[in-house]
Each structure stands twice: as C-alpha cells, then as structure tokens.
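Reading through the structure tokens given below for one structure.
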Amino acid sequence: MFLILSKILDLFLGPLTWGVLFLVLGLLWRRGGRRALGLQVLGLGVLYTFSIEPVAGALMRWVESGAKETYRPGAVYDAVIVLGGGLDPDATERSGRPEYNAAVERILRGYELLREGKAQHVLLSGGTLDTRPEAVVESQVLQRQLQAWGIAPERIVIEGHSRNTRENALDSKLIIQERGWNTLLLITSAAHLPRAYGCFAAVGLRPDTLAADVRASDGKRPPSWLPRANHLNASTDALRELAGRVVYRLRGWTVE
C-alpha cells in the first residue's frame, strides 16, 4: 500500500502536474473572468519557474548539499554497495541490451573500484515493481554487465527484491551479515545519498559513502532564464527527493 501511495504522491509533487492542473481549471471555470485568468497565469508561472536554470539549479544544490563523502582512497573494502536506479527498465526490455538513465554513474563508480582493487566484492541492490515474470530486474542486468566488463562472477552479489531505499537497506543487511563483511562503501546519486545513508544507519549499518551522479553546477556560471524541459525534470527530481526525506523521517526509516 505504501508503494502505491508513494507513486501517487510522486505524481502530485511534479510542477508539471501543478501547472497543467491550474491551466485546466482556468479553462474549465464556467464564469471565466479574473479568477479563471488568474489560474491560467498561475499555471504558466509554475511551469516557467521550475523550468529555468536558476530555480532548478538551486533546488538541486540544496538536495545535494547533504551528500557527505567518507570514502577512503587507501582502503580496500569488503564490499561496495551499489543501489539501483541507473537503469531504464522499459528501454532495456525493448532493446534487449542494458539502457541507462542519468544515474548510470552509480554502476560506473562501482566498476572502477572493483577494477582498481579497491573493493573485493560488489553488492547490487535493486529489484522491480513490475510483477510480470519477464520483468527486467535491475540487479540482474547489472550483474551481467559487470561480467561482460571482466569482473569475476564470484565477486558479484545481487539483491533483486528491494523496491525502495528502505528495502535496499533491510535486504542488504541480511546479505552483509551472512557474508561477514565489515568494511562497506555505499554508492548512490548525490541527491539520494543522505536518505540512503540514513536508511542503512537505521538498520544498524554505517558504511562509508561515495556520491555519484552529481547534477548541480557550482552556480558560478551565468544561468539561462529560458525554460527547458531538462530543468523542469531536475526540479521535479529535487522536490521528490525532499518529500521522500520527510516521509522516511516521519516513518522512522532514516536517521542521521
């Protein structure tokens, strides 16, 4: 039930949803007049505001500011934990090959650490909400990808049942305890890292952390005030992550 509600919440957190809703209400307002016009202007204002670089950049810098890296370059970790979220399952199913999204750096960072001998094993954590037998399971796809890149199969461990960050932590803990791993490194997107680390800490794990998929600029370059779809997408991702932190904290799923 929580997963269903979270998807509904995601929909209503999107500025695109707000903007379109205000526009439609303005167009359907029977009496018209100033209120209808005001709703239409509000809808356009929402779409413009969250589609420009200054707003999207500020939001992304905000959510990424809490990503504290504790990675130790001189250490050799028992395992690096790579959280799912970098694969496009629909495109992967259509093409029959791994197709990635903007968070592909998660698996790339994990591969680099394995290749350089900085981690003995990798734990790929990520399942699917799709209940079809033929559904793409991200951890399985990434397992095959790492093997194709030359990583020995015995160094790769997968967890393919988790459907959110809370379950990533719970299911990973069982594997970590079974394997007897002690030194751990958690890799996920910079925006997601504070919540992810909080979830692992809540189940008694305190891994070192490494941020991937850093999307915010330093804000020094003059920004563009022209609306762009990629800025709207970045604003939406940032707002969803902020809402996720609030919900997870209220449920007691994450700690400092």
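According to the working numbering, the sequence shown is numbered sequentially starting from 40. In this text, a Cβ means the ideal position worked out from N, Cα and C, and glycines have one as well. Nothing here was measured: the structure is a model prediction, and the numbers come from that model.
Pair within 9 Å by beta-carbon distance, residue i and residue j
i           : j           : result
residue 55  : residue 86  : yes
residue 248 : residue 109 : yes
residue 119 : residue 158 : yes
residue 250 : residue 106 : yes
residue 152 : residue 224 : yes
residue 121 : residue 149 : yes
residue 189 : residue 154 : yes
For residue j and residue i, the rounded distance between their alpha carbons
i           : j           : result
residue 268 : residue 211 : 35 Å
residue 117 : residue 194 : 10 Å
residue 147 : residue 67  : 49 Å
residue 184 : residue 163 : 11 Å
residue 253 : residue 259 : 16 Å
residue 135 : residue 180 : 10 Å
residue 169 : residue 131 : 14 Å
residue 74  : residue 60  : 14 Å
residue 172 : residue 79  : 45 Å
residue 178 : residue 289 : 29 Å
residue 95  : residue 142 : 17 Å
residue 77  : residue 65  : 7 Å
residue 72  : residue 50  : 29 Å
residue 198 : residue 187 : 19 Å
residue 216 : residue 133 : 37 Å
residue 291 : residue 245 : 17 Å
residue 182 : residue 114 : 24 Å
Bounding residues of the beta strand (DSSP E) (the contiguous stretch that carries residue i)
i           : result
residue 198 : 195-198
residue 160 : 158-164
residue 120 : 116-122
residue 226 : 223-228
Cβ neighbour criterion (16 or more within 10 Å) applied to residue i
i           : result
residue 140 : exposed
residue 261 : exposed
residue 207 : buried
residue 220 : buried
residue 112 : exposed
residue 145 : buried
residue 192 : exposed
residue 63  : exposed
residue 125 : buried
Where the alpha helix (DSSP H) through residue i begins and ends
i           : result
residue 130 : 128-134
residue 276 : 268-290
residue 249 : From DSSP, residue 249 is part of no alpha helix (DSSP H) but of the beta strand (DSSP E) over 247-251.
residue 293 : First-last for residue 293: undefined, no H or E at that position.
residue 175 : Looking at the DSSP string, residue 175 is not in any alpha helix (DSSP H), and its letter there is neither H nor E.
residue 86  : 72-88
residue 211 : 204-218
residue 150 : 144-154
Neighbourhood of residue i by C-beta distance below 8 Å, restricted to the same chain and skipping five residues each side
i           : result
residue 275 : 52, 53, 54, 55 and 89
residue 200 : 166, 206 and 210
residue 234 : 204, 280, 283, 284, 287 and 293
residue 91  : 262, 263, 264, 265, 266, 267 and 270
Spatial neighbours of residue i in its chain, beta-carbon cut-off 6 Å, leaving aside the 5 residues before and after
i           : result
residue 128 : 175
residue 294 : 237, 240 and 241
residue 103 : 229, 230 and 255
residue 58  : 82, 85 and 86
residue 273 : 95 and 99
Own chain, CB closer than 7 Å to residue i, minus 5 neighbours either side, in chain order
i           : result
residue 137 : 126, 131, 180 and 184
Cβ-heavy atom distance, residue i to the ligand NAP, below 8 Å
i           : result
residue 218 : Within the structure as shown, the ligand NAP is missing, as the structure has no ligands at all.
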